[in-house]
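In the working numbering, the protein residues as written are 12 to 226.
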Amino acid sequence: MSYPPRAFRETREEVLLKAVAEIGLASLVVVRDGVPEAVSLPMIATRDGGALILEGHVALANPVWRLAEGGTAALAIFQGPHAYVHPGWYPTKREHGKVVPTWNYVVVQAHGVLSVTRDPEWLAAHLARLTETREAGRAEPWSMDDAPVDFIHGLQRGIVGLTLRVARLEGVWKTAQHHPEPNRRGVIAGLAASDVPGDRAMAAVMEQAERDRAG
């Protein structure tokens with residue numbers, strides 16, 4: 012991700028991994044015969060020694076996993092909150108009119124080598140980790156033990172595990188950092204008052220950025 016201005020780049024691993032955990036769903040991109048292909052799947056971050064691993068799974072019938080046999084370069088994209096920014100939210104519009112619409116967004120990209128596994132023990136552990144991650148905090152969290160063992164094993168035989176050994180993890184937090192504070196506050200107020208859930212989510216991201224900026 013070489014283009015974004017330095018002000019928009021997020022390099023703190025703890026921030027990037029927190030976003031990965033919160034977003035959960037990735038667009039996994041691989042290339043076959045020079046043509047990129049993408050599949051959407053939940054992925055979670057784990058560690059293998061010191062290496063960062065993103066793990067997930069796809070259906071056995073999904074041909075994308077065959078591209079990773081033997082290892083292949085891949086990109087996992089986690090799209091976070093995003094929102095259209097109305098120019099009227101900027102106080103500077105009333106001062107000089109030199110503003111235009113834009114789009115604020117959060118995105119994390121993980122580059123690495125993708126591999127496959129059909130090891131039953133790995134798959135069972137992966138499914139347990141994935142389930143526990145998403146069920147945490149619920150009043151009555153679902154567990155794999157809640158379903159019949161034969162039922163789970165039958166479903167497990169129909170999936171293939173994927174592991175992305177991450178070589179580069181990077182993010183972009185475009186939250187109007189290049190605007191003066193009154194403009195940023197105007198955008199936050201506009202987004203927070205919106206009926207669009209994504210707008211309010213971006214307002215929350217921008218509020219956090221303001222708190223971080225204030226120290």
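Ideal placement from N, C-alpha and C gives every residue a C-beta, glycine not left out. Being a predicted model, the structure only gives us computed values, none of them experimental.
- In this structure, alanine 32 sits near alanine 56, with a CB-CB distance shorter than 8 Å.
- For the pair proline 152 and glutamate 143, the Cα-to-Cα distance works out to about 8 Å.
- Under the three-state reduction of DSSP, threonine 83 is assigned to strand.
- Inter-residue distance for leucine 65 and valine 127 is about 12 Å (C-alpha atoms, whole angstroms).
- Out of Lys104, Arg168, Arg195, Ala139, the CA that lies nearest to the CA of aspartate 157 is found in Ala139.
- Ranking Gly108, Val216, Val171 by CA distance to the CA of leucine 78 puts Val171 first.
- According to DSSP, leucine 173 shares a beta bridge with Gly67, Val127.
- Counting only residues of its own chain and dropping the five nearest sequence neighbours on each side, glycine 201 has a CB closer than 7 Å to the CB of His97, Trp100.
- Bounds of the beta strand (DSSP E) holding arginine 43 are 36-43.
- With respect to the 8 Å criterion, valine 177 and alanine 121 are classified as neighbours on the basis of their beta carbons.
- Residue pairing by DSSP places proline 98 opposite no residue, since no beta bridge is assigned to it.
- The way I'd put it, the region 18-27 does touch the region 178-192; three or more beta-carbon pairs between them come closer than 8 Å.
- Counting only residues of its own chain and dropping the five nearest sequence neighbours on each side, proline 112 has a CB closer than 8 Å to the CB of Tyr95, Val96, His97, Pro98.
- With distances taken between CA atoms, leucine 52 lies nearest to Leu141 out of Leu141, Arg149, Thr83, Ser205.
- Assignment of proline 152 by DSSP, reduced to helix, strand and coil, places it in the coil class.
- In the three-state DSSP reduction, valine 207 falls in the coil class, being neither helix nor strand.
- The Cβ-Cβ distance between leucine 134 and histidine 189 does not fall below 8 Å.
- With respect to the 8 Å criterion, proline 92 and alanine 212 are classified as neighbours on the basis of their beta carbons.
- Threonine 103: member of the alpha helix (DSSP H) spanning 103-106, first to last residue.
- Taking the CA atoms as reference points, tryptophan 76 sits about 10 Å from glycine 82.
- Of the residues assessed, histidine 107 falls on the exposed side of the cut-off, its CB having fewer than 16 other CB atoms within 10 angstroms.
- Under the criterion of beta carbons closer than 8 Å, serine 38 and alanine 49 qualify as touching, at roughly 5 Å.
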